[in-house]
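Step one of this worksheet: look at the structure below.
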Amino acid sequence: MKRLVLWMMALILALPFVAGTGSAQEIKLGSLNDLTGPTSDVGKDIALGIREAVQYVNDTGGINGKRIRLYLYDYGYRVPEAITTYKRFKNFDRVVGVLGWGTGDTEALSPTVGKDQIPYLSHSFAAALTDAKRAPYNFVYGTDYSSNARAAMTAWFDEVWMKDPRFREARSKGEKPRIVMFYAFPVPYASAPIRALKNHAAFLGFEIGPDQDVSLTALDTKSQVLGAKAFKPHLAWHGNTTMSVAATIKDAHALGLGADHIVNNWGYDENLVRLAGPAAEGVMGIAVTAFYGDKVPLMDKVLEYGKRMNPGVPQEARMIRTVQGWSQVLMMAEGMRRADKAGKLTGPSLKEAFETFREWTPGLGLQPVTLNVSDHRPGSVIPIYRIKGGKFELVKRVDLKAKWAKEWYGEWFGY
Amino acid sequence: MNRLAMSLVGIVVAAVALGGCASMEAGMDGGMGEPQVKLDRVEVAAYFPFAPPPARVPLVLAFVFSVTNPSGQTVSLEELRFSYAFEAKGQYFTLNSPAAYDTIHIPPKSTNTVRVVSVLDSAIVPATLAVTQGFRLQELDLKGPDVVKEWWEKIGDFPYGIRVSEGVATFATAKGARLVSFQDSFPKK
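Chains A and B supply the protein sequences, listed in that same order. So the first sequence is numbered by the numbering used here: it starts at -17 and just counts up by one. So the second sequence is numbered by the numbering used here: it starts at 5 and just counts up by one.
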């Protein structure tokens, strides 16, 4: 009997050593990404950043000691594939939260994730996803497309139209600034902010020209540029992703459109400079984080993990998209930590944890995130940049809430 | 009592030794060698004859890797991911980046075969090419639908190169994840 007790004691003593070889507790996280579809020009770099950031989180203590196990799948920007993959996340991988991608799939899944109580932190920043009444389990880490569009138009109006000598004569004659919009009509991401853009154009006194339909895969946009040229626009909005935005800006340059350009965040990155070349000079746009390699807190880790985990990808090919992937993962990890610390990490507790965020930022140039139970807009401050000498320089930070508080809390919410 | 104390000491020593062995087994330190990943071959796992748009024809490929564990301890492969590119006019065009998440235990000093299946769609690849490498295609005077047709029709003989790049295999160890990068091409030259 004594011997049996002693052997049991020995077993208990050895257990921690043996158990150390097994897997630690894991928290499962799903990620839907576009690696092959029409937004893969920005999606591939994001996916690299997501994987690197998860590794960083795990290397630095994980979620209160628990490791994140990431399941990242390509869905090719196809809504049916996204829905199928989500079912795998829910029923097979049994994830706690999902990192989402496009507007079409995120909006299509929104009622389902609400019913399933699985928080869904997307790269789609469609304004409809920030209204917690309509989409209680949807979250975004960047300012919504409609606010971005309003901010970019405001920055151009304040800093260029009202100040630039090029427009002195037009201003003195009482001319209204004229804007045209280039975007893929059937693509939910591209069309999401158009209603807000037109609302804001009217608000600031613009004349609006004929919309131009540019496919996300377009390499030749001459007919659309010529269609817009007849209107003699002062300003052009570009609502697609980088490749087709570069094609349009190059064609606009070649055909003498004569307009300035403002670009939504998914069309504005280091590749725009590479692809559009001299035509990119002066182009203004939105960036929700710092660009790759900028001197901001935590960028050293982004660079370190990029080199270490993906040595086959040249550093010069990396982009702001990597930094966005990190921001998305770090926000999810922060929510998970808070929920786990508060008791049990579940979908509802993760949602509640997100809603405790007050001026939270991981660094990386991400604007501080504040969320509450009814308003999932992360903030109202939107940095607008301009390309100068092939580099991005900050034009101004537009604070929509400070400038138009009544509209921010009223009509513009979820617009 | 003496005998009991001796037994207790003996058993505790045995327990610690046992635990120590187990703990060492979990690690891959001590010059025992990192795992290696090598592309053995690419197979056409299922073939459907090419048809022009609006038909969409799948091309089902299997990438067969040898994963070698030269160490004296079992290692666990947790994730294997890579990108692959097809050759046209001497240049490579990345088409997809699959990942496999099946956990595979590889015994000491042995090699396992890992098969990763990836599906291409003849209707989607031209868009992938346009959006990610469109300007390169233009420079080479290539058209996406034309290269797709050629790739689909000739794949059985592998007359063009298939390059695997940005490969990363993640192995779980008690000391955390170990990453092994790899790149390779097929057919072997």
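We put the CB at the ideal spot given by N, CA and C, even for glycine. These numbers were taken from a predicted model, which means no experiment stands behind them.
Nearest-angstrom beta carbon gap, V295 of chain A and L30 of chain A [assumed within contact, 8 Å]: The Cβ separation is near 6 Å, so the contact holds.
Cβ neighbours of L99 of chain B in the same chain (closer than 7 Å, five flanking residues each side left out): Correct list, in chain order: Y88, A89, F90, L124, V129, T132.
Cβ pair G79 of chain A, L332 of chain A closer than 9 Å: Between G79 of chain A and L332 of chain A, the C-beta gap is smaller than 9 Å, which places the two residues in contact.
For H216 of chain A: DSSP bridge partner residues: Looking at the DSSP assignment, H216 of chain A forms no beta bridge with any residue, so it has no partner.
Delimiting residues of the alpha helix (DSSP H) encompassing I128 of chain B: Neither: I128 of chain B is in no alpha helix (DSSP H) and is coded neither H nor E.
Chain-order list of residues whose beta-carbon lies under 8 Å from that of D75 of chain A (same chain, five-residue window excluded): Counting only Cβ-Cβ distances below 8 Å, and skipping sequence neighbours, we find K10, G12, Y53.
Counted within 10 angstroms of its Cβ, other Cβ atoms place T67 of chain A as buried (16 or more) or exposed: Counting every other CB atom within 10 Å of its CB across the protein chains shown gives T67 of chain A a total of 16 or more, marking it as buried.
C-beta atoms of L382 of chain A and S92 of chain A nearer than 9 Å: Against a cut-off of 9 Å, the Cβ pair of S92 of chain A and L382 of chain A comes out as no contact.
Interface partners of A181 of chain B on chain A, CB under 9 Å: The contacting residues are Q37, N40, D41, R49.
Closest by C-alpha distance to P56 of chain B, when choosing among B:A127, B:Q77, B:Y96: When only C-alpha atoms are compared, the closest one is B:A127.
Inter-residue CB distance, V118 of chain B and V184 of chain B (contact presumed, cutoff 8 Å): Actually they do not touch by this definition, with Cβ atoms about 12 Å apart.
Segment contact flag, the segment 249 to 256 of chain A with the segment 367 to 383 of chain A, C-beta cutoff 8 Å, min 3 pairs: Verdict: yes, contact present.
Contact list for P344 of chain A against chain B, beta-carbon separation under 9 Å: Chain order gives no chain B residues near P344 of chain A, where near means a beta carbon separation below 9 Å; the closest approach is about 21 Å.
Spatial distance of F86 of chain B from I366 of chain A (CA atoms): If you draw a straight line from the Cα of F86 of chain B to the Cα of I366 of chain A, it comes to about 35 Å.
Rounded straight-line distance, which links the Cα of L237 of chain A to that of V207 of chain A: Across the structure, V207 of chain A and L237 of chain A are spaced so that their CA atoms are roughly 8 Å apart.
Cβ pair A114 of chain A, N292 of chain A closer than 9 Å: Result no, Cβ atoms of A114 of chain A and N292 of chain A do not sit closer than 9 Å.
CB contact below 9 Å: T203 of chain A versus chain B: No, T203 of chain A lies away from the interface with chain B (no Cβ there is under 9 Å from its Cβ).
N- and C-terminal bounds of the beta strand (DSSP E) containing P62 of chain B: Membership of P62 of chain B in the beta strand (DSSP E) is indicated by the continuous run 62 to 73.
Neighbourhood of P170 of chain A by C-beta, 6 Å cutoff - its chain only, sequence neighbours within 5 removed: Contacts found: T85, G86.
Simplified DSSP state of A30 of chain B, which is helix, strand or coil: Any reading at A30 of chain B must be qualified, since the residue scores a pLDDT of 34, below 50, and its modelled position is unreliable; the value itself is stated next. For A30 of chain B, the three-state secondary structure derived from DSSP is helix.
Closest Cα partner of V79 of chain B within the set B:F52, B:I108, B:R60, B:L63: For the residues B:F52, B:I108, B:R60, B:L63, the minimum Cα distance to V79 of chain B belongs to B:I108.
Under 9 Å between C-beta atoms of V121 of chain B and A49 of chain B: Cβ distance < 9 Å, so V121 of chain B and A49 of chain B count as in contact.
is_contact[N398 of chain A, chain B] using C-beta, thresh 9 Å: This structure gives no information on residue 398 of chain A, because the portion of chain A shown stretches from -17 to 397.
Within chain A, the residues that N73 of chain B reaches when beta carbons sit closer than 8 Å: The premise fails here: N73 of chain B is roughly 15 Å from chain A at the closest Cβ pair, so nothing lies under 8 Å.
C-beta neighbour in chain B for L198 of chain A, strict 9 Å: True, the Cβ-Cβ gap to chain B drops below 9 Å.
Nonlocal neighbours in the same chain, by C-beta distance under 8 Å from G2 of chain A, ignoring five residues either side: In this predicted model, G2 of chain A has a pLDDT of only 34, less than 50, meaning its place in the structure is not dependable; the value taken from the coordinates is given anyway. Closer than 8 Å at the Cβ level, and outside the excluded window around G2 of chain A, lies no residue.
A59 of chain B, buried or exposed, once every other Cβ within 10 Å from all chains shown has been counted against 16: Exposed, since its Cβ has fewer than 16 Cβ neighbours within 10 Å.
Residue burial classification, I15 of chain B (beta-carbon count within 10 angstroms, cutoff 16): Bear in mind that a pLDDT of 49 at I15 of chain B, under 50, signals an unreliable position, so the number given afterwards is only what the model happens to contain. Label assigned to I15 of chain B: buried.
From A:S154, A:R256, A:I190, A:S104, residue whose alpha carbon lies closest to that of L312 of chain A: Nearest C-alpha to L312 of chain A: A:S104.
Within chain B, partners of K26 of chain A - CB distance below 9 Å: Going along chain B in sequence order, the residues near K26 of chain A (Cβ under 9 Å) are S87, T98, S101, T136.
V3 of chain B at chain A interface by Cβ criterion, 9 Å: There is simply no residue 3 of chain B to check, as chain B begins at 5 and stops at 193 in what is shown.
Any C-beta of chain B under 9 Å from that of E73 of chain A: Here the sequence assigns Asn to residue 73 of chain A, which means Glu is not the residue at that position. With 9 Å as the cut-off, N73 of chain A does not count as an interface residue toward chain B.
C-beta neighbour in chain A for V64 of chain B, strict 9 Å: No, V64 of chain B does not count as interfacial toward chain A.
Pair within 9 Å by beta-carbon distance, T304 of chain A and I28 of chain A: At the C-beta level, T304 of chain A and I28 of chain A come within 9 Å of one another.
Uninterrupted alpha helix (DSSP H) stretches inside the segment 324 to 356 of chain A (no shorter than 4 residues): For the segment 324 to 356 of chain A, whole alpha helix (DSSP H) runs of length 4 or above, ordered along the chain, are 329 to 336.
Interfacial residues, the segment 162 to 173 of chain B to chain A, with Cβ spacing under 8 Å: If the cut-off is 8 Å between Cβ atoms, the segment 162 to 173 of chain B has S169, E170, G171, V172 near chain A.
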